[in-house]
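J.: Listed in order, the protein sequences are those of chains W and B.
For the first sequence, my numbering assigns the number 1 to the initial residue and increments by one for each residue that follows.
For the second sequence, my numbering assigns the number 339 to the initial residue and increments by one for each residue that follows.
Backbone N, C-alpha and C define an ideal beta-carbon position, used for all residues, glycine too.
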Amino acid sequence: MPVKNMIQALNDAMDVLLTEDEDVVIFGEDAGYFGGVFKTTDKLQEKHGIDRVFDTPINEAAIAAMAIGMAARGLKPIAEIQFADYIFPAIDQIVSEMSRIRYRSAGQFTSGCVVRSPWGGGIRGGQTHSMSPEAFFTHVPGLKVVVPSNPYDAKGLLIASLDSGDPVIFFEPKRIYNGPYDGVPDKPLMSWAKHAKGEVPEGRYTVELGKADIVREGEACTLVTYGTLVHVAEAAAEASGIDVEIIDLRTLVPYDIETIAKSVNKTGRVVVAHEAPRTSGFGAELAAQIQEECFYALEAPVFRLTGWDTPYPHAHEWAYFPTRDRMIRALKTVTEAA
Amino acid sequence: MSHGDPRFHVPVPPYRPGDEPDFSHLKLPKAGEAKKPRVDVAGMDTQDLALGLVGVLDHNHQAVGEWDPRLAPEVLREGLSHMVLTRIYDERMLKLQRQGKMSFYMKSTGEEAVAVAGAMALDKADMVFPSYRQQGILFARGRNIVDMMCHCISNSRDNLKGRQLPVHYTWADGNFFTVSGNLGTQFPQAVGYAMGCAYKGDKRIAASWIGDGTTAEGDFHGALTLASTYRAPVVLNVVNNQWAISTTQNIAIGDAPTFAAKGLGYGLASMRVDGHDFLAVYAATQWAADRARKGHGATLLELFSYRGDAHSTSDDPSKYRSKDEFRNWPLGDPIERLKQHLIGLGEWDEKRHAKLEEEMTKLVVRSYKEAESHGTLHDGPLSPTESIFEDVYAEQDWRLRRQRQDLGV
Chain W
1 MPVKNMIQAL NDAMDVLLTE DEDVVIFGED AGYFGGVFKT TDKLQEKHGI DRVFDTPINE
61 AAIAAMAIGM AARGLKPIAE IQFADYIFPA IDQIVSEMSR IRYRSAGQFT SGCVVRSPWG
121 GGIRGGQTHS MSPEAFFTHV PGLKVVVPSN PYDAKGLLIA SLDSGDPVIF FEPKRIYNGP
181 YDGVPDKPLM SWAKHAKGEV PEGRYTVELG KADIVREGEA CTLVTYGTLV HVAEAAAEAS
241 GIDVEIIDLR TLVPYDIETI AKSVNKTGRV VVAHEAPRTS GFGAELAAQI QEECFYALEA
301 PVFRLTGWDT PYPHAHEWAY FPTRDRMIRA LKTVTEAA
Chain B
339 MSHGDPRFHV PVPPYRPGDE PDFSHLKLPK AGEAKKPRVD VAGMDTQDLA LGLVGVLDHN
399 HQAVGEWDPR LAPEVLREGL SHMVLTRIYD ERMLKLQRQG KMSFYMKSTG EEAVAVAGAM
459 ALDKADMVFP SYRQQGILFA RGRNIVDMMC HCISNSRDNL KGRQLPVHYT WADGNFFTVS
519 GNLGTQFPQA VGYAMGCAYK GDKRIAASWI GDGTTAEGDF HGALTLASTY RAPVVLNVVN
579 NQWAISTTQN IAIGDAPTFA AKGLGYGLAS MRVDGHDFLA VYAATQWAAD RARKGHGATL
639 LELFSYRGDA HSTSDDPSKY RSKDEFRNWP LGDPIERLKQ HLIGLGEWDE KRHAKLEEEM
699 TKLVVRSYKE AESHGTLHDG PLSPTESIFE DVYAEQDWRL RRQRQDLGV
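(1) Distance cutoff 8 Å, beta carbons only. Does W/PRO254 sit that close to anything in chain B?
(2) Decide if W/THR41 is buried, meaning its Cβ has at least 16 other Cβ atoms within 10 Å, or exposed.
(3) Name the chain W residues that come within less than 8 Å of B/SER492, Cβ to Cβ?
(4) Can you list the residues of chain B that W/GLU97 reaches, using a CB-CB cut of under 8 Å?
(5) Could you name the residues of the segment 102 to 116 of chain W whose beta carbon sits closer than 7 Å to any beta carbon of chain B, in the order they occur along the chain?
(6) Answer with yes or no whether the minimum CB distance from W/SER164 to chain B is below 8 Å.
(7) How many angstroms separate the CA atom of W/GLY241 from the CA atom of W/THR335?
(8) In this structure, what does DSSP give as the bridge partners for W/PRO277?
(9) Can you name the residues that DSSP bridges to W/VAL114?
(10) Quick one, which of B/ASP343, B/SER492, B/ASP360 has its alpha-carbon nearest B/THR714's?
(11) Nearest by alpha-carbon distance to W/GLU202: which of W/ILE159, W/SER149, W/PHE303, W/PHE170 is it?
(12) Measure the C-alpha to C-alpha separation of W/THR251 and W/VAL224 and round it to an integer number of angstroms.
(13) Have a look at the DSSP bridge pairing and note the partners of W/GLU245.
(14) What residue range is occupied by the uninterrupted beta strand (DSSP E) comprising B/ALA545?
(15) Below 8 Å between beta carbons: does that hold for B/GLY601 and B/LEU564?
(16) Counting C-beta neighbours from all protein chains within 10 Å, is the total for W/HIS48 16 or more, i.e. buried, or is it exposed?
(17) Return the residue from the list B/ALA554, B/ALA621, B/PRO571 that minimises the CA-CA distance to B/GLU541.
(18) Determine whether the Cβ of B/ALA732 lies closer than 8 Å to any Cβ atom of chain W.
(19) Assuming contact is defined by CB atoms lying nearer than 8 Å, are B/PRO359 and B/ASP662 in contact in what I supplied?
(20) In this structure, does DSSP put W/GLY28 in helix, strand or coil?
(21) With DSSP run on the structure shown, which of helix, strand or coil describes B/GLY539?
(22) If we call anything under 8 Å between Cβ atoms a contact, is B/SER660 one with B/ASP406?
(23) Along the segment 528 to 543 of chain B, what residues have a CB closer than 8 Å to any CB found in chain D?
(24) For W/GLY120, count the other beta carbons within 10 Å of its own beta carbon; 16 or more makes it buried, fewer makes it exposed. Which is it?
(25) Between the Cα of B/GLN473 and those of B/GLN678, B/MET431, B/ALA463, spot the shortest distance and give me the residue it belongs to.
(26) I'd like the span of the alpha helix (DSSP H) that includes B/LYS689, first residue to last.
(27) Starting from the beta carbon of W/ASP92, find every residue of chain B whose beta carbon is closer than 7 Å, and list them in chain order.
(28) Give the straight-line distance between the Cα atoms of B/ASP671 and B/GLY448, rounded to the nearest whole angstrom.
(29) If we ignore side chains and look at the alpha-carbon of each, how far apart do W/ARG326 and B/ARG501 end up?
(30) Which residues of chain W have a Cβ atom closer than 9 Å to the Cβ of B/THR563, listed in chain order?
(31) Going by C-alpha distance, which of W/LEU331, W/PRO311, W/ALA330 is nearest W/ASP85?
(32) Have a look at W/MET66 and W/LEU157 and give me their C-alpha separation to the nearest angstrom.
(33) Less than 8 Å between the C-beta atoms of B/ARG481 and B/GLU450, yes or no?
(34) Kindly list the residues whose CB is nearer than 7 Å to the CB of B/GLN527, restricted to its own chain and excluding five residues on each side of it in sequence; keep chain order.
(35) W/GLU46 by DSSP, collapsed to three states: which one?
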C-alpha cells in the first residue's frame, strides 16, 4: 500500500472527489496554479481544470460566501482558508449563514461544503500561524468540526466530510503534515513511512464522522485529544510507562461520547488535552460531559492539559505547547491522585 | 450648548424633524437623458450612467429616451397590480402587527417598483437573493399570499417552521433564497450562486439586493471583487432608500458621488437608476440580466429611492427625520407614476384603479382570514415543538436526540 504524508493523502482525497464528481470545486488563496502554500492542492488545477481548482482574492468572507452560493446551486465546494488564524474575517458567513442555511430555510436550501484550514502550532509560526480556533466553531449549531491526526484518517475523513451534506470545518494539524510529532521541542521531523496510518489506500474510502479511534488501549487512565497531540500522547505513554488509553476524537462535532464514556468508566481517570487556550476550550465541553456521564466512576478530577490563556507566543512556543513532558506530568497527576 | 466646529467631518442629513424638506439640491438628471450602451460595454465606460440617472418616465408621466423598454400595456398593468398589492399587503400587515398578531413587520413603501420591476425583468428561473424589503418579488413571482402570511404569523403552516422573523421569507420553488437579517451576507453568496450557474452551463443568473447602508459592510466589497474577478452572471442591486434606520445614506457613501460610482473601481458596469420609475428599473434590470446571460459579467445597479415608512415596526422615524420627506421626494411615488403613465396611454383610469385597490384589499383580508385559521404566533397552533431540533444537520446526532428528550418532545 502506498505511504503518503498528510498533504499527499489530502491531495489524493481531493483528487478522488474531483475525479468522481463534476460538482466538486476547490478554491482558496494560492490554492490554484501554485497548489497552496502547503502544496495540498498541488497539480489538481493542472489535472482537473482552472474552473474546478482556482485561486481566490484574499477575502475569507467572500471565499465562505462563494461556497454557500455554489452549494445552494448544487455544487460541492471545498474551500481552503490558508491558515486557521485567518478564518475570522469569514466568521459571519460561517457562523450566521453557512451553519444555518438548512435550518433557516427549513431544508429548502442546504450549504454542504468543506472549509479546510491548516491549524495548530509547533511550527514556530507565532501568533498568526499557530492558532487552534476549533472551539469558536464547535459552539455553532449546524457545523461539524473535524481534526484528523494521520494520513489515512485525513483522506477518509475529508471524503466523508464532503459526503455528509453538512458544512464541515476541517482543521489540518500542520505540525504533522509531513510526519508525526512526539512533543519533544524542536525535534527533527519523523516520517509517516514508519507509522501504520501512513499507509493510504488508492481510491475512495471513508472514515465515519462522529467516531473516535482508540489509538492505544490502557487501564490506568484515559487521555482524550485530537490532532497533533495524539502523537504527543503516544510518546508520553511510552516514555512514562503509564498504561494510558488514548482516544483520538477525529470528529469534535459530533463527538463520540460513547467511546469516551466507555473508556472513562473503565479507567476512572481522564486527561483531556488540546493546544488551544483553556478557558472555554473544547476540553471544557469534554470535561463537563464526562462528569455528567461518568461522575460515579471518576476517581480523580478531570485534568485539562491545554495551551495557556495567552495568545500563541513565538519565542516561547515550547512553554505554551502541551509538550510530551507536560503531558507526562498531567498523566502522573491524574493517575497518582488518591 | 454649542460644541463649536466638529474636529472631523461627521455627515448629517439635510433635514431633521420639523424642517421643511427641499430636495432641489439633488440636481437629478432628467428622464430620457441617459444613453443606453451595448450590453458588452466595458465596465469603465459606464461612468456617465454611474454618475447620472437612468430614467424613462418624465414629469408628464410619458416614457422617453433610449431606455424605454416599450412594454405592452398588459405587462404595465401587471406591474401596477403587483405594486398595489405589495402596498396594500404591507399596510394590512402593519395593522395586524399593531394588533399583536405578529412579532414584527417591515414595510416596503416607496420601494415597490424596485422589487416588482426587478423581478419582472428577470427570468422566473433566475435565483434572487433579496434583503428583507423586496417582498414585491414574491408577488411578481406569484407566491401564494396565504403562505406568506402564515410565515409572518409563524403558525402551523409557516414553511419555515416558525424559525425566522416575519418578512424573512424563503421560497425555493420560486427561486427566492432564504432572507438573512445579517446585512449584506447575501451579496457575495449570490455571486457564488451565479458562478455555480455558469459552471453548470445553464442560462440562469442570480440577482441580489442590499440597502445603501449595507454598502459599508465588507461583504459588499467582497461581492464586487468576486463578481469582477470571475465575471459572474449576477445583477447586484443597491437600493438607496436614503435611510439606514436613523442614519442617512451620507454616512455610508462618504465622499463618493453615488453608490453606483463605487462599482466603477471594480471595473463593473454600474449605473444609477430612478428606483421610483417602474420602466427604468425594468429596463436597467433587463439590460443587466442580458449582459450577465451573454457572458459579459456583472452589473451594479443603484436604485435611487426613498424609504417611505419606518425601518421596521421597532422604529419611529419621526424622531430623526422630517415627516414630509416622502411627500416632497422629487422622484414621486412609484405606484402613482406608473398609474398616471397608463392613464396617459389610455390604458387605465381612476375607476379601474379604485376597483383594483378594492380587489386587492379583499384578497388580502380574505387571505389573512385563511392564514389565521392555521394559527397565530400567540395562540397557536405552531409547528410541532420537536421541529426545533430538525434541519440543524442532515441527520440528528446524539446531542440533539438527547436534548429533544430533555425537553420532553
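T.: Quick look at the numbers:
(1) yes
(2) buried
(3) Residues of chain W passing the Cβ test: none, with the nearest at roughly 12 Å.
(4) SER518, ASN520, THR523, GLN527
(5) ARG102, TYR103, ARG104, SER105, ALA106, GLY107, GLN108, PHE109
(6) yes
(7) 12 Å
(8) W/GLY307
(9) W/ILE78, W/VAL168
(10) B/SER492
(11) W/ILE159
(12) 12 Å
(13) W/THR222
(14) 544 to 549 is the span of the beta strand (DSSP E), which, as asked, contains B/ALA545.
(15) No, the Cβ-Cβ distance between B/GLY601 and B/LEU564 is not below 8 Å.
(16) buried
(17) The question names Glu, but residue 541 of chain B is Lys in the sequence shown. Answer by Cα proximity: B/PRO571.
(18) yes
(19) yes
(20) Strand.
(21) coil
(22) no
(23) As a matter of chain content, chain D is missing from the structure shown, whose protein chains are W and B.
(24) Counting Cβ neighbours within 10 Å, W/GLY120 comes out buried, since at least 16 surround it.
(25) B/MET431
(26) 688 to 710
(27) Chain B residues near W/ASP92: ASN520, THR523.
(28) 6 Å
(29) 47 Å
(30) PRO57, ASN59, ALA62
(31) W/PRO311
(32) 23 Å
(33) no
(34) PHE467
(35) helix
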